[in-house]
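The working numbering numbers the first residue of the sequence shown as 1028 and each following residue consecutively. By construction, the Cβ of each residue, glycine as well, lies at the ideal position given by its N, Cα and C atoms.
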Amino acid sequence: MKEKSTLTEILHGRVSNGAVNHVDLSDLDLSAQADMFIAPVPALAGTEQLNRMGVLKSWTDSVIWPSADKMPKNINPKKILDDAKTPTEMTDMHARGITGKNIGIAIIDQRLYRDHSEYKNQIKHYEVIGRWPHGDTTTPDYHGSLVTGIAVGKTTGTAPDADLYYFAANNWPPMNRFVSAITKLTDQGLKMMHRKYFNMAIRRILEINKSLPDHQKIRFLSCSWGARDDQFRAETDALFDECERNGVMVLGGFYHHTMTGFTPCDKRFAIEMKNQIGIPTNGKTTPYYLGGYYYTRLGGASSTYPYLAGVFACALQGNQIFCTRPAWQDELMRLVRDTAQPHPSGGKIINPTAIVDAVTRIARDMEMNLIQQKSIQHDS
């Protein structure tokens, strides 16, 4: 029996890293390739694994697909992409006007394509930090649009009215001589990553936040990066601690809040990993860094942090008194676990509405207690 063709063979070499972007496939017959588009894939699958499975990792809205008779029955990649734009688990809240308005979300990531209609109006501050190859600080990278769209995208984000403070910071060691010298000393080669410029960005966030009015503070810092052996990690952790002492919740960056207990998932399928709360960022459409949109089967952990930042921004809208509670950041994470709902196909998935409602109840109780205390003080 002939071994199943690889994805590259099926698509005649027009696939790159499991993705088809800006290509014409109209001459192909994909009618027998339904699994390429809809087969469940392991949450932690890599590109090579997807290639062996013969499934696509992602595609953009600019791909020209074959005619309907040359596509699998009832498979329409454009419709799949369009249907996955909106985080439907947020629809009811957004309809109620709960959109993260006046809540600041900071993101430290790669260079951002700033003109995408999904999020350009949400950018309150943009800054490039550190050295970049050839001094190029403007060429966008795909990852920035991915995480930004998940957090504050107009149709793709969990908090479409939140304020975005974006910092492009380079952590690639081959691209600056300072870190190259360290790699020689540590004998870790080019695999070692560093946080020198990330740390500079965190300091800027702390500085900017001091100048913002109380009702428009940066409340969440989303960091879709980090590993145990990063250079300067101890300094990062100290800065993260400072963020949290000053009312900013850190998500990602290998910091303690989000290192365990959560897994990206495709909400169409069961949650694979036991004792994990599914975050529906697989099988999701996000803004593409060259314009247009990008459907990805595997959003990965990178997408879970800005997703959570957006959900939490919605929870704090009108409820910022919640941030006066001791260890409110830890309390938010407990609420995610306590309110998670069973997935119909197995496992548990995040319940954003329940999180927002729980924070709102707590905030109203706090306000009532304050009113009562003031009344008692006045009477005495």
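Under the three-state reduction of DSSP, Q1060 is assigned to coil, being neither helix nor strand. In this model, R1079 and L1325 are separated by some 16 Å (Cα to Cα).
When secondary structure is reduced to three states using DSSP, H1152 falls in the strand class. In the structure shown, G1305 adopts extended strand secondary structure according to DSSP, grouped into three states. With a 10 Å radius around the Cβ and a threshold of 16 neighbouring Cβ atoms, G1373 comes out exposed.
With a cut-off of 8 Å on Cβ pairs, the stretch 1087–1106 is not in contact with the stretch 1139–1151, counting fewer than three such pairs. Sixteen is the threshold: when 16 or more other Cβ atoms of the shown chains lie within 10 Å of the Cβ of M1063, as they do, the residue is buried. In this structure, W1159 lies away from N1198, with their beta-carbon atoms at least 8 Å apart. Straight across, the Cα-Cα distance linking S1058 with G1180 is about 34 Å.
Counting along the chain, S1085 sits inside the beta strand (DSSP E) bounded by residues S1085 to T1087. For secondary structure counted as the beta strand (DSSP E) over 3 or more consecutive residues, the stretch 1237–1269 holds these complete runs in sequence order: 1245–1250. Burial check for Q1344: the Cβ neighbour count within 10 Å reaches 16 or more, so the residue is buried.
Assigned with DSSP and collapsed to three states, I1377 falls in coil, not helix or strand.
Within the same chain, V1277 and Y1282 come within 6 Å of F1267 by CB-CB distance, once the 5 residues on both sides are set aside. Contact between the stretch 1082–1091 and the stretch 1121–1132 is absent: fewer than 3 CB-CB pairs across the two stretches fall below 8 Å. Straight across, the Cα-Cα distance linking I1177 with I1403 is about 46 Å. When the beta-carbon positions are compared, A1342 and V1386 come within less than 8 Å of each other. Annotation: S1329 to Q1400 spans about 44 Å, alpha carbon to alpha carbon. A direct Cα-Cα distance of roughly 17 Å separates T1313 from G1045.
Under the three-state reduction of DSSP output, S1032 falls in the coil class, being neither helix nor strand. The three-state reading of DSSP puts Y1146 in coil, since its state is none of H, G, I, E or B. Under the Cβ criterion (8 Å, minimum of three pairs), the stretch 1240–1251 counts as touching the stretch 1128–1146.
Between the alpha carbons of H1370 and G1310 lies a distance of about 16 Å.
With respect to the 8 Å criterion, T1308 and P1291 are classified as neighbours on the basis of their beta carbons. Looking from the CA of K1106, the closest CA among Y1332, Y1321, I1037 and K1375 belongs to Y1321. Inclusion of T1164 and V1174 in the CB contact set at 8 Å is not warranted, their separation being larger than that value. DSSP assignment within the stretch 1265–1347 yields the following whole alpha helix (DSSP H) runs of 4 residues or more, N-terminal first: 1327–1343.
Pairing M1286 with S1249, the inter-Cα distance amounts to about 13 Å.
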